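> Supplied in structure tokens, the structure appears directly below.
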Amino acid sequence: MAQQRIIDARCVVDVNVQGLPTPLQVSITTKSSARLKLITEKEVMLMFKAPSVKISEQPLANQPNQFPVNIKSLNEEAILQFAESDIEFCATVHQPNQWQIGQQVWIYIDQEQIILATLG
2 MAQQRIIDAR
12 CVVDVNVQGL
22 PTPLQVSITT
32 KSSARLKLIT
42 EKEVMLMFKA
52 PSVKISEQPL
62 ANQPNQFPVN
72 IKSLNEEAIL
82 QFAESDIEFC
92 ATVHQPNQWQ
102 IGQQVWIYID
112 QEQIILATLG
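When we follow my numbering, the leftmost residue of the sequence shown carries the number 2, and every step to the right adds one.
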């Protein structure tokens, strides 16, 4: 479900995703907002541009879209899962030795690297 607000020439859309503790913030142009005919509580689909999901040991200061997750598996990419949810994210890992399976980390998703589409 989406709710929007205008910041400068961009529109920040708060998207409620079941299982996430806070809404995901998506930044789109005001022109895109008008074209998508966004209204409060309209269902939307999200797609992340790769590699937009980043991993860090600690939360980043003053950044939206940060969530604590656990590392479920680890190769050239990490599969990250929310503790009490079936939601999983995949992130590219440049230094796999830095992380361990089961470790709690933070993910950050750049709000300008999320594609928003409306349903119906």
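Here a beta-carbon is modelled for each residue, glycine too, at the ideal position from N, C-alpha and C. This structure is a prediction, so every number in the text was calculated from the model and none was measured.
So does M46 have its beta carbon nearer than 8 Å to some heavy atom of the ligand MG?
Of the ligands one can find in the structure shown there are none, so the ligand MG has no counterpart to examine.
> Using only alpha-carbon positions, find the residue among N17, A84 and I80 that is nearest to N66.
Looking at the Cα atoms, N17 is the closest of the given residues.
> Under 6 Å Cβ to Cβ from V54, same chain only, skipping five residues before and after it: list those, please.
F90, A92, I108 and I110
> Take every Cβ of the region 45-52, pair it with every Cβ of the region 28-36, and state whether three or more of those distances are shorter than 8 Å.
no
> Suppose you measure from the CA of Q101 to the CA of I88; what does that come to, to the nearest Å?
19 Å
> Which same chain residues, not among the five before or five after P52, have their C-beta less than 6 Å away from its C-beta?
The residues are T93.
> Quick check: the Cα distance between F49 and A79, rounded to an integer number of angstroms?
15 Å
> Can the beta-carbon of Q82 be found less than 9 Å from the beta-carbon of K73?
yes
> Which residues in the same chain have their Cβ closer than 6 Å to the Cβ of C12, if we skip the five residues on either side of it in sequence?
Q5, I29, T31 and S34
> How long is the line joining the alpha carbons of R36 and G103, rounded to whole angstroms?
42 Å
> Pull the bridge partners of L117 from the DSSP assignment, please.
L47
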